[in-house]
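J.:
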Amino acid sequence: MPQRPSDLLLRKQSGQPIVILTAWDALSAAIVCEAGADAVLVGDSLAMTALGHATTLPVTLGEMLHHCRAVGRGLRAEGGGTPFVICDLPFLSYQCSLDEAIAAAGRVLKESPAVAVKLEGAEPETLAAIDRMVRMGIPVMGHLGLTPQSVHRLGFRRQATDPLAQERLSQQALALEARGCFALVVEHIPAALASDLCDRLRIPVIGIGAGDQCDGQVRVTADLLGLTDRQPPFASPLLDGRGLAVEALKEWKRQQRSPAARRAAPATSP
Ligand code: KIV
-2 MPQRPSDLLL RKQSGQPIVI LTAWDALSAA IVCEAGADAV LVGDSLAMTA LGHATTLPVT
58 LGEMLHHCRA VGRGLRAEGG GTPFVICDLP FLSYQCSLDE AIAAAGRVLK ESPAVAVKLE
118 GAEPETLAAI DRMVRMGIPV MGHLGLTPQS VHRLGFRRQA TDPLAQERLS QQALALEARG
178 CFALVVEHIP AALASDLCDR LRIPVIGIGA GDQCDGQVRV TADLLGLTDR QPPFASPLLD
238 GRGLAVEALK EWKRQQRSPA ARRAAPATSP
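Numbering-wise, the numbering used here puts 52 at position 55 of the sequence shown, and it's gapless, one number per residue.
1. State buried or exposed for methionine 138, treating a residue as buried only when at least 16 other CB atoms are found within 10 Å of its CB.
2. Whole angstroms is fine: what's the gap from proline 136's alpha carbon to arginine 176's?
3. Using the C-alpha atoms, what's the distance from leucine 48 back to alanine 232?
4. Can you tell me whether alanine 36 is helix, strand or coil according to DSSP?
5. Just to confirm the assignment, what range does the beta strand (DSSP E) spanning aspartate 85 have?
6. With C-beta atoms as the reference, is phenylalanine 88 less than 8 Å away from glutamine 146?
7. Just how far apart, CA to CA, sit valine 131 and cysteine 178?
8. Taking only runs that begin and end inside the segment 120 to 185, name each unbroken alpha helix (DSSP H) of 4 or more residues, in chain order.
9. Can we count glycine 40 as close to the ligand KIV, meaning its CB is less than 7 Å from some heavy atom?
10. I need the DSSP call for glutamine 0, collapsed to helix, strand or coil.
11. When DSSP builds the beta bridges, which residues end up paired with isoleucine 15?
12. I think cysteine 84 touches valine 16, with their Cβ atoms under 8 Å apart; what is that distance to the nearest whole Å?
13. Where do the ends of the beta strand (DSSP E) carrying glycine 204 lie?
14. Assess, as a yes-or-no matter, whether the segment 197 to 208 is touched by the segment 27 to 35 under the definition of 3 or more beta carbon pairs within less than 8 Å.
15. With a threshold of 7 Å, establish whether the CB of histidine 140 neighbours any heavy atom of the ligand KIV.
16. Is any non-hydrogen atom of the ligand KIV found closer than 7 Å to the C-beta of threonine 52, if you look at the structure I gave you?
17. Cα separation between isoleucine 200 and aspartate 41?
18. Find the nearest neighbour of histidine 63 within the set Gly134, Arg104, Ala34, judged by alpha-carbon distance.
19. Return the residue from the list Leu173, Leu166, Thr79 that minimises the CA-CA distance to alanine 191.
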């Protein structure tokens, strides 16, 4: 079990695929721990999956810290320790100024169990912020391709579909590695580009909707469990979690309303 962000590099070097799952509260954290995730991402996708927003933009740093602390309380030691936690820096917590970016990342490390932050893009300001974070001892994970914080510019579409955009994304990936990111998430990009990045970068490339040739995969756990009604096209659910839960609760309701069940239940029901 990787104990810290830099351990993921050893995983890449030894050819062991990396598995990262998101969590947003203590229950989901316990589940992904028991499932054996290498690391837990408190992604700002929780704005949509847990808070019901249409995009990730509204979630605040305070809310991310609140959810991250809940995730920390749900961590369970499985197979040699607990997975380490990465927390997304939300929209506009790192883009306004360098000082604010460092302060936001610092709050994550000081006020939550996260030991690393993830942020989106590779604009010059973002690269400068990453550079300073890394020098100050804050591990940073990059995120390119479909970057949901730019949804109003990029949409939720597949990214880097033409050669020019692919070259630009490759240059950005190299820049993120040069600034000291310990890993890079690539979302909803062509599989061949993701695979090429795995070869060109020393750091692990973690894919989501980027083919199966990456150094690792990350998924939004609510998508994998089929809990959401906004399933992204690149994340097939493993089960119909929502349907199963609704059916189980309906069945329980039917039982509560049946006279036979009500007679049998008093000893066990509160
Ligand atoms: O917010 C999130 O859950 C993410 C994953 C999609 C990688 O960034």
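The beta carbon of each residue, even a glycine, is placed where N, CA and C say it ideally should be. Just so you know, these numbers come straight off a predicted model, no measurement behind them.
T.: The relevant details are as follows:
1. buried
2. 11 Å
3. 20 Å
4. strand
5. 81 to 85
6. yes
7. 8 Å
8. 121 to 132, 148 to 151, 160 to 175
9. yes
10. coil
11. Gly213
12. Not confirmed; about 18 Å, so no contact.
13. 202 to 205
14. no
15. yes
16. no
17. 23 Å
18. Arg104
19. Leu166
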